[in-house]
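Colleague: Heads up: the protein sequence lines correspond to chains A and B, in order. Each residue of the first sequence is one higher than the last, beginning at 14 in the working numbering. Each residue of the second sequence is one higher than the last, beginning at 16 in the working numbering. All C-beta atoms, glycine included, are put in the ideal place defined by N, C-alpha and C. The structure's right below; bear with me while I get my questions together.
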Amino acid sequence: MREAAERLGGLRASLALAGLAGNGDGTRVPLGHVAADACLKGGLRTGALHEIFSAAPGHEAAATGFAATLASRLGGNRRLLWVRQDFSGLEFGEISATGFLEFGIDPSRLLLFRAADVASGLRAAADALTCAALGAVVIEIPRTPKRLDLVTSRRLTLACAQNGVSALLLRFEADPDASAAETRWLVGAGHSSAGNKNNNNKDWGYPRFDAALTRNRHGTTGHWAMEWNCDRGRFNETADHRAVVSASADRPAAEAANARQSAA
Amino acid sequence: MDRKATAQGLERGMTLADARAMLPALSVKAANETADHALLEAIAEWCDRFTPFVALLPPQSLVLDVTGAAHLFGGERAMLDLMRVSLAKQGFAIRGALAGTAGAARALAHYRDGTIVAAGEEAAAVASLPVEGLGLDAAATQAFRRAGLKTIGQIAARKRSELMARFGSAMVTALDRVLGRVENPISPRLPLPDIMAEHRFADPVVSEELVMATLDALAQSLAPVLAQRGEGARALEAAFFRADGHVRRIAIETARPVRTHEIIGRLFREKLAQLADPLDAGFGFDLIRFAATRAERSEAETVSLDAGANEDKEIAFLVDRLAARFGAQRIVCFQPNDTHIPEAAAVTQPAQYAKTGNAAWARIRKDAEAPRRPLRLFAKPEPIDATAEVPEGPPGRFCWRRVQHLVTHASGPERIAMEWWRHHEPRPTRDYFRVEDSEGRRFWLYREGLYGRETAETRWFVHGLFA
């Protein structure tokens, strides 16, 4: 039964990706990764609050990348607002426009709000969530400031629901605690395909994430290796997509087909 | 020279010894030009309530262009008297005159206090003034005196060609200005607003609601004027004139021309709520002036059927709100910059001033390749301890922020030469490597300086982090 439901979710997601179906209730955006989309019942909900935690110290850039992918998926081709605090830029590096371009997100879509402190960052984010023309708002908050509590996350959730703008809370060096978020992701860097012995390519390929969906209000959780396709602006169906393709060049399926042909 | 000093027989231009001889109790202070200028500025600021066109003529004169403003104060005579009385209350004695040109008014104010001359009659009015009224240098003035020409009228009666030949064209221009024959260009102290509206209160107001309601009403009265001119405001200023002479100016800017009074009112409310130094009504404001200091051409505001245009408008409004609350520098967007130096390849720009349109971003990677530039870039590259197995190769391991990283994969180098034509000091070339460590974390490292050619000892830095 559960398998069937997963398959159905996956099918829905692929239909939505191909632009053949309105995505469910019109508020779910498929990520492209089949298993994750199945878990999410077709995709990530827009107009909701999602949390992304860096899984371990040193994985902040991976979490940043993951937040960027979700924002880009949720926002369609609308503008994105990135809210960060001044010290966060010094400590974890500034958001780089050329990096976003290479990552497959047009930097001219990006607005950056440089907050002096958590309070003004949250206020700006709350204000931005009232602007329905925005695609998504990413709020980057290192560690666990007192300001960020259950009430704040409820408030953000309400603001999201009101105008259909999605919010992504990007947390560094913090432990997940009670929140009103729709989903919660624990993200670290995934080993690139360059480490793969079969891979002769010198290039390490698309960015990979080791992403755990640890909380999902409307579905099950999961843990996957996900690969962001910078050219198509979505995740690949499976992380070892290319490995699967190359493996099947000399194998059973082809042999079976050959056998069938010779039999005919 | 004030009246008291004149009564004691003191005069301008006296030597200090003479003055001391007459008045042994005289206390002497050195002239402080800066303070004098600041005082003149303050008086000018106060005079702003009569007209926005106030110009300074240091050391001690102000020119006000009261064209079209006098009737608000009950005519020219009443206005001049009001100025005299109000300034006298503040402890200043003034001499003033009104004329069709600034040059004539200035000369009359100096020698015929209180004169009001109708336009076109300046020549007759200034005829009896002494030559000094022309404001020429001492040598020219003395030359006139020696020639027996003591009044402006006498000079004006001479042939222009004679004057031109003897004193040059500058003198003739000065004469024409005083006679009201040519306009005297003066530059206002503050840029003149394109459009303005103001509200004068019979009694000073203190209540915040009344102030806000007045602002809204002024914004509303500005809207039709803007609409008629086919313009929208890009910069607005509200000036609050306090009864005690203090003037507070609060300005906002917008990302695109606006004329809707709701938007303007909201932006001002955001700005006022966010002031570090809140608006202090003191004993109340007696005048609020609201001006569009910069207006720009804008199409009629219709509800566009094009969703994109409406979205842009909403985003612009959000940007304005954030800029009004937190400052324009806080909300920025990115523009490409034509250089291959990584930290300079993109610049941030306040989103309010940024040009909209398609920026030419150029991707470096090819299809299906990994990003060549990191998502997070350190403004200041951080030095690391790294050892390379071969001099030109990538490091095998490195230590950054006291954490050891074992490199499992590296690609590079990508050699980036610093643009020598931009800097006086040649900066060393950088060899960039993209490396992945044993945990899958990806870094952008570089080695500074070409080994053996530019430097004897190379240094390593981490410049960015890949996703």
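If you follow the alpha helix (DSSP H) that residue 73/A is part of, which residue opens it and which one closes it?
Modeller: For the purposes of this step, residue 73/A is identified with residue 60 of the first sequence, where counting begins at 1. Unbroken alpha helix (DSSP H) run through residue 73/A: 73 to 88.
Colleague: Secondary structure at residue 179/A, three-state DSSP: helix, strand or coil?
Modeller: Position 166 of the first sequence, counted from the start, is the residue given in the question as residue 179/A. In the structure shown, residue 179/A sits in a strand (DSSP, three-state: E or B).
Colleague: Secondary structure at residue 61/B, three-state DSSP: helix, strand or coil?
Modeller: Stepping through the second sequence from its first residue, residue 61/B is reached at position 46. Residue 61/B: helix per DSSP, three-state reduction.
Colleague: Entirely within the region 157 to 201 of chain B and at least 4 residues each: give me those alpha helix (DSSP H) ranges in chain order.
Modeller: Within the region 157 to 201 of chain B, the complete alpha helix (DSSP H) runs of at least 4 residues are 167 to 172, 175 to 182 and 184 to 193.
Colleague: Quick check on residue 481/B - is its C-beta less than 8 Å from some C-beta in chain A?
Modeller: On the second sequence, residue 481/B is found 466 positions in, with the first residue counted as 1. With 8 Å as the cut-off, residue 481/B counts as an interface residue toward chain A.
Colleague: Measure the C-alpha to C-alpha separation of residue 166/B and residue 144/B and round it to an integer number of angstroms.
Modeller: Along the second sequence, one-based indexing puts residue 166/B at 151. Along the second sequence, one-based indexing puts residue 144/B at 129. One C-alpha to the other measures close to 5 Å.
Colleague: Do the region 61 to 71 of chain A and the region 184 to 202 of chain A touch if we need at least three Cβ pairs shorter than 8 Å?
Modeller: Taking 8 Å as the limit for Cβ pairs, the verdict is that the region 184 to 202 of chain A does touch the region 61 to 71 of chain A.
Colleague: Give the straight-line distance between the Cα atoms of residue 178/A and residue 82/B, rounded to the nearest whole angstrom.
Modeller: Mapped onto the first sequence, residue 178/A falls at position 165. Mapped onto the second sequence, residue 82/B falls at position 67. The alpha-carbon atoms of residue 178/A and residue 82/B are separated by roughly 53 Å.
Colleague: Using a 10 Å radius around the Cβ and a threshold of 16 neighbouring Cβ atoms, would you call residue 82/A buried or exposed?
Modeller: Stepping through the first sequence from its first residue, residue 82/A is reached at position 69. Residue 82/A comes out buried.
Colleague: Three-state secondary structure (DSSP) at residue 118/B?
Modeller: By 1-based counting over the second sequence, the position of residue 118/B is 103. Note: residue 118/B maps to helix in three-state DSSP.
Colleague: Output needed for residue 36/A: all residues of its chain with C-beta closer than 7 Å, excluding positions within five of it in sequence on either side, in chain order.
Modeller: Here the question's residue 36/A lines up with position 23 in the first sequence. With a pLDDT of only 37 at residue 36/A, under 50, the local geometry of the prediction cannot be trusted, and the value read off the model is given with reservation. Cβ within range, chain order: 29, 42, 43, 55 and 56.
Colleague: Taking residue 102/B as the reference, give the member of 62/B, 84/B and 127/B with the closest Cα.
Modeller: Residue mapping note: residue 102/B aligns to position 87 of the second sequence, counting from 1. Minimum Cα distance to residue 102/B is reached at 62/B.
Colleague: Please check if any C-beta of chain A sits within less than 8 Å of the C-beta of residue 345/B.
Modeller: Position 330 of the second sequence, counted from the start, is the residue given in the question as residue 345/B. Chain A contact via Cβ: present.
Colleague: Grab me the residues of residue 29/B's own chain with a C-beta within less than 7 Å of its C-beta, minus the 5 sequence neighbours each way, in chain order.
Modeller: Here residue 29/B refers to the residue found at position 14 when the second sequence is read from its first residue. Nothing listed; no residue qualifies.
Colleague: Our contact map puts residue 169/A next to residue 132/A with C-beta atoms below 8 Å; I'd like the distance itself, whole angstroms only.
Modeller: Along the first sequence, one-based indexing puts residue 169/A at 156. Along the first sequence, one-based indexing puts residue 132/A at 119. In fact, because the Cβ distance is near 14 Å, the residues do not count as touching under 8 Å.
Colleague: Indicate the three-state DSSP secondary structure (helix, strand or coil) for residue 223/B in the structure shown.
Modeller: Walking along the second sequence from the start, residue 223/B turns up at place 208. Note: residue 223/B maps to helix in three-state DSSP.
Colleague: Express the C-alpha separation of residue 197/B and residue 20/B in angstroms, rounding to a whole number.
Modeller: The residue given as residue 20/B occupies position 5 in the second sequence. The residue given as residue 197/B occupies position 182 in the second sequence. When rounded, the distance between both Cα atoms is 38 Å.
Colleague: Is residue 87/B close to chain A? Criterion is C-beta to C-beta, closer than 8 Å.
Modeller: By 1-based counting over the second sequence, the position of residue 87/B is 72. Taking Cβ atoms only, chain A never reaches closer than 8 Å to residue 87/B, which makes this a no.
Colleague: Here's the rule I'm using: 16 or more other beta-carbon atoms within 10 Å means buried, otherwise exposed. How should residue 184/B be labelled?
Modeller: Counting from 1 along the second sequence, the entry for residue 184/B is found at position 169. It counts as exposed.
Colleague: When the cut-off is 8 Å and only beta carbons count, does residue 202/A lie next to chain B?
Modeller: Residue mapping note: residue 202/A aligns to position 189 of the first sequence, counting from 1. At least one chain B Cβ lies under 8 Å of residue 202/A.
Colleague: With burial defined as no fewer than 16 other Cβ atoms inside 10 Å of the residue's Cβ, what is the status of residue 47/B: buried or exposed?
Modeller: Within the second sequence, numbered from 1, the residue matching residue 47/B stands at position 32. Exposed: under 16 other Cβ atoms inside 10 Å.
Colleague: Please list, in chain order, all residues of the same chain as residue 10/B whose beta carbon is under 6 Å from its beta carbon, the five residues on each side excluded.
Modeller: This structure cannot speak to residue 10/B, because chain B is shown only from 16 to 482.
Colleague: Name the chain B residues whose beta carbon is nearer than 7 Å to that of residue 77/A?
Modeller: For the purposes of this step, residue 77/A is taken as residue 64 along the first sequence, with counting starting at 1. Going along chain B in sequence order, the residues near residue 77/A (Cβ under 7 Å) are 390, 391 and 482.
Colleague: Taking Cβ positions, are residue 210/B and residue 230/B nearer each other than 8 Å?
Modeller: For this step, residue 210/B is matched to residue 195 along the second sequence. For this step, residue 230/B is matched to residue 215 along the second sequence. No. Outside cutoff.
Colleague: Does residue 57/B come within less than 8 Å of chain A when only Cβ atoms are used?
Modeller: Looking up residue 57/B in the second sequence gives position 42. Not an interface residue.
Colleague: If we ignore side chains and look at the alpha-carbon of each, how far apart do residue 77/A and residue 220/B end up?
Modeller: Sequence index remark: in the first sequence, residue 77/A carries index 64 (1-based). Sequence index remark: in the second sequence, residue 220/B carries index 205 (1-based). Going by the C-alpha atoms only, they are around 52 Å apart.
Colleague: Scan the region 345 to 399 of chain B and note each continuous beta strand (DSSP E) run of 3 residues or more that stays entirely inside, going in chain order.
Modeller: You should have 346 to 351 and 361 to 365.
Colleague: Is the Cβ-Cβ distance between residue 112/B and residue 127/B less than 8 Å?
Modeller: Within the second sequence, numbered from 1, the residue matching residue 112/B stands at position 97. Within the second sequence, numbered from 1, the residue matching residue 127/B stands at position 112. Yes, the pair counts as a contact, with Cβ atoms nearer than the cut-off.
Colleague: Going by C-alpha distance, which of 462/B, 480/B and 481/B is nearest residue 474/B?
Modeller: In the second sequence, the residue the question calls residue 474/B occupies position 459. Of the listed residues, the one whose Cα sits closest to residue 474/B is 462/B.
Colleague: Label residue 255/B either buried or exposed according to how many other C-beta atoms from any shown protein chain fall within 10 Å of its C-beta, with 16 as the threshold for buried.
Modeller: For the purposes of this step, residue 255/B is taken as the residue at position 240 of the second sequence. By the 10 Å Cβ count, residue 255/B comes out buried.
Colleague: For the beta strand (DSSP E) containing residue 312/B, list its first residue and its last residue.
Modeller: Taking the first residue of the second sequence as 1, we reach residue 312/B at position 297. Segment 300 to 312, the beta strand (DSSP E) holding residue 312/B.
Colleague: So if DSSP puts residue 483/B in a beta bridge, which residue, or which two residues, is it bridged to?
Modeller: In the structure as shown, chain B begins at 16 and stops at 482. Residue 483/B is therefore absent and cannot be evaluated.
Colleague: Thinking just about the alpha-carbon of each residue, which of 451/B, 434/B and 386/B is nearest to the one in residue 413/B?
Modeller: Position 398 of the second sequence, counting from 1, holds the residue named residue 413/B. Cα-wise, what sits closest to residue 413/B is 451/B.
Colleague: With burial defined as no fewer than 16 other Cβ atoms inside 10 Å of the residue's Cβ, what is the status of residue 208/B: buried or exposed?
Modeller: Here residue 208/B refers to the residue found at position 193 when the second sequence is read from its first residue. Classification of residue 208/B: buried, given that the 10 Å Cβ count is 16 or more.
Colleague: Going by beta carbon distance, what residues of the same chain come within less than 6 Å of residue 247/A, once the five residues before and after it are set aside?
Modeller: Translated into the one-based positions of the first sequence, residue 247/A becomes position 234. 45.
Colleague: Chain D beta carbons: is any one of them nearer than 8 Å to that of residue 379/B?
Modeller: No chain D is present in this structure, whose protein chains are A and B.
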